[in-house]
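A short write-up of the structure that comes next.
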Ligand code: ARG
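Residue numbers (my numbering): 10 to 604.
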């Protein structure tokens, strides 16, 4: 469906053209004075300069051509030359009726759907998920869902970190603790056990221990480094078998944790999967003269003449021949091009890695790993800070595990629910889990991703203001009105989406406001998808929820005597509920039936 704003722009554009002015002056924007009008066109002011005429004269001429258009309830030219526009509520009624009959609520499918890979989450094997993993998971999941809803073919990849020193550290520490394990016996000929020689709890204890220990003991670190090289060479069967155990135990646990966050990857590719592409990639870079040797290392220069900042070369191989994070990301690009030939790859990664990704992207273009037709986007996110403005930590200054963070927010919501009303303990716990997740995600997603934000449990869990619980509370309120309506009339309207929005009649301001915001859904989706911006979805549902609550407080829906009007109101709020449901699904959280 054509966006409301585009329909108005079309009318204005032809009016300008009919008067002999350039069509670009017909552009319309949402009014920045909603008390005066809904939309505005400032083209006459711009045209005045080009045509050397008073803006108000131009505005009046244009108005003559379009003032009788049946879409407008009111259109006026005001000094010095603004055109203020308000659309007829019958137009909105008709628009919303069409939206209600479409499961995509008026969002057209793209003519050419794109194939998009979203690289997000980025967990590392054997390291517990901590708060640093929260943002890439939450933002990436939402970016993926928005792009998919916009009609693209989207693949979300966890890009598991399994290729670093952490593997060598764990193997070396295990060897120290349990040297008798068959994995360390080089003469072992049998089948390795299918059961891992450790639990996830042990694994999670081993890694931080070994990591801290290696910092104090250089000889241990050296041993771990060597173990990593041996593992990566693939020549030690025992190490490879252990590595597989580490991977399995870890991924099982990661999946559980991501499930709890309602984050679901389509692919669980690993850094190690890209390694087979490395030798040919290196050969190619050398052969085509892209790479040069610098102090023993193999590098590709990516500096451009126009650079004002320092641009380090992209290192492909260390002087000892070892590969790096860069090498893996470039090889992963080769793999992604081969498997999916995507039109776009979006990296949802900590913004502190921005320069790194710029180097990698430039190197990928220069070496022709990625063609110009594939867009590479770095979607960097800021830090989640504590109330002291510093990166969020536990009370004793440690890194907070994600599970603990989630429990703390659920506990807070639970207390709020219990203080509001009597409820069965287990029901309250389950509702708290649903609402807690919404509080956490909305608290994060409502900020522009690149910005840092303060994690504030009290604010995030508040049932009032720009919060997840407020949105859910609004949805629960609509559900309860619909349940009452069903009790009174026997009509279950939630399943009957074709109910009519109504005919011409007097409508209050709060009703029109609600209709107007609802009608902006397709416009909002379009922007959110183009800009990979979940915060636009949040801003929209906050406006929609506020508009609904304004409408709710002004009208007694259930007590309304005029039954036609009541049915129209019900149809409107059913649509509002469906829009809210669709949006929270894009943000990847859910609403309870009551709270
Ligand atoms: N595992 C990495 C980390 O913990 C994040 C991976 C980001 N994605 C990528 N393609 N490099 O920092």
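Idealized CB from N, CA, C, for every residue including glycine.
Residue pairing from DSSP places residue 83 in a beta bridge opposite 95. The C-alpha of residue 486 lies about 9 angstroms from the C-alpha of residue 604. Between the ligand ARG and residue 359, a heavy atom-to-CB distance of less than 8 angstroms is present. Taking 9 angstroms as the cut-off, the Cβ atoms of residue 136 and residue 213 count as close.
Relative to the ligand ARG, even the nearest heavy atom lies 8 angstroms or more away from the CB of residue 575.
For residue 336, the enclosing alpha helix (DSSP H) begins and ends at 334-349.
Beta-bridge pairing by DSSP links residue 358 to 389. Residue 125 has 163 and 353 as its beta-bridge partners, per DSSP.
Residue 449 and residue 479 have their alpha carbons spaced roughly 13 angstroms apart. Note that the segment 267-281 does not touch the segment 228-235; fewer than 3 beta-carbon pairs, one per stretch, sit closer than 8 angstroms. Taking 9 angstroms as the cut-off, the Cβ atoms of residue 155 and residue 601 do not count as close. Distance from the CA of residue 567 to the CA of residue 531, rounded to the nearest whole angstrom, comes to 30 angstroms.
Checking the 8 angstroms criterion, the Cβ of residue 64 is out of range of every heavy atom belonging to the ligand ARG.
Placement of the Cβ of residue 131 at a distance of less than 8 angstroms from at least one heavy atom of the ligand ARG is found. When DSSP states are grouped into helix, strand and coil, residue 445 belongs to the helix group. For residue 129 and residue 145, the gap between their C-alpha atoms comes out near 6 angstroms. In this structure, residue 334 has its beta carbon less than 8 angstroms from a heavy atom of the ligand ARG.
Annotation for residue 575: the continuous alpha helix (DSSP H) segment containing it runs 572-595.
Residue 49 carries a strand assignment under DSSP once its states are collapsed to helix, strand and coil.
For residue 374, the enclosing alpha helix (DSSP H) starts and ends at 363-375.
A distance criterion of 8 angstroms places the beta-carbon of residue 352 beyond contact range of the ligand ARG, judged by its closest non-hydrogen atom. Measuring C-alpha to C-alpha distances from residue 239 to each of 258, 498 and 172 identifies 172 as the nearest.
Here the distance from the Cβ of residue 175 to the nearest heavy atom of the ligand ARG is not below 8 angstroms.
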